[in-house]
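Novice:
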Amino acid sequence: MAQRFNQGFMTHIASGRGTPMRPGPVDAYLFSLIDEDDKSIQPGNFERHWGIFTYDGLPKYQLNLGTSNAGGGLVRAKGVKYLERKWCVLKPSVNLNDPKLADNVGYACSMADCTSLGYKTSCGMLDIRGNVSYAFNNYFQKNDQDDVACGFQGLATTTGQDPSTGTCRFGVMIEVDSAFSWRLQGLGSNLLLFLLLGVLQLSLSFS
1 MAQRFNQGFM THIASGRGTP MRPGPVDAYL FSLIDEDDKS IQPGNFERHW GIFTYDGLPK
61 YQLNLGTSNA GGGLVRAKGV KYLERKWCVL KPSVNLNDPK LADNVGYACS MADCTSLGYK
121 TSCGMLDIRG NVSYAFNNYF QKNDQDDVAC GFQGLATTTG QDPSTGTCRF GVMIEVDSAF
181 SWRLQGLGSN LLLFLLLGVL QLSLSFS
């Protein structure tokens, strides 16, 4: 549906016909270039999936930006570097009735993006173990594959075997020079809190 709408939109804009009330070329933009996995999903899960490219520059569907629907379409981004090809998955030995499972999945999905696990989505066909592994892996990758981010109270383990299946892609984080892990961000927040407490203590001592 997105491909059909966007292709029709681009073809019409490129034709220069405009609208009945404003014939001729018009200024327009296509929303959006890439998916945004931190965007609020209060309006709906679709908010994180407006992009015509995935987070690592892969076209999500064919789209021609010229004056015809034939010919060259979108191409993948060049020079993208990935972290090590490893994924965080649920341990095969874990019992699905383990009382720790629900809380850990909830935590992973609250900190990372699990919207692809919804009904009729790209990963909507996964079984329970697949759903858990997808949630764990997204959290793990968002934290730049930090070993601590694949603990989940002993429920998870890393693997070099790609768990992607069908239309469901288990991602691998890209290398970004300016990126930092959520673990480091958390340390920064703790340091800021410590400094604020120190300032408060000094203020009280001089009052």
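Using UniProt numbering, you'd call the opening residue of the sequence shown number 1 and step up by one each time.
Ideal placement from N, C-alpha and C gives every residue a C-beta, glycine not left out.
Please look up how many angstroms separate the CB atoms of Y134 and L117, rounded, as I've assumed it's under 8 Å.
Specialist: 6 Å
Novice: Which term fits Q141, buried or exposed, when burial requires 16 or more other beta carbons within 10 angstroms of its beta carbon?
Specialist: buried
Novice: Return the chain-ordered ranges of every alpha helix (DSSP H) run that is complete within the segment 72-124 and spans a minimum of 4 residues.
Specialist: Complete alpha helix (DSSP H) runs here, min 4: 100-111.
Novice: Classify residue 255 as helix, strand or coil using the three-state DSSP reduction.
Specialist: The chain is shown from 1 up to 207; residue 255 falls before or after that span and cannot be answered.
Novice: For the putative contact between C150 and C88, defined by C-beta atoms under 8 Å, what is the C-beta separation to the nearest angstrom?
Specialist: Going by Cβ atoms, the distance from C150 to C88 rounds to 4 Å, so yes, they are a contact pair.
Novice: Is it true that the CB of Q7 sits closer than 8 Å to the CB of L63?
Specialist: yes
Novice: Cβ atoms of E84 and Q161: under 8 Å apart, would you say?
Specialist: no
Novice: What residue range does the beta strand (DSSP E) around A156 cover?
Specialist: A156 to T159
Novice: Tell me the rounded alpha-carbon separation between I174 and M111.
Specialist: When rounded, the distance between both Cα atoms is 18 Å.
Novice: Should N97 go down as buried or exposed, given a rule of 16 or more other Cβ atoms within 10 Å for buried?
Specialist: With fewer than 16 Cβ atoms within 10 Å of its Cβ, N97 is classed as exposed.
Novice: Just verifying my parser: in three-state terms, what is the DSSP assignment at S178?
Specialist: With a pLDDT of 42 at S178, under the threshold of 50, the modelled position of this residue cannot be trusted, and the question is left open.
Novice: From Y55, L90, G73 and R22, pick the residue whose C-alpha is nearest to that of M10; which is it?
Specialist: G73
Novice: Kindly indicate which three-state DSSP category F140 falls into: helix, strand or coil?
Specialist: helix
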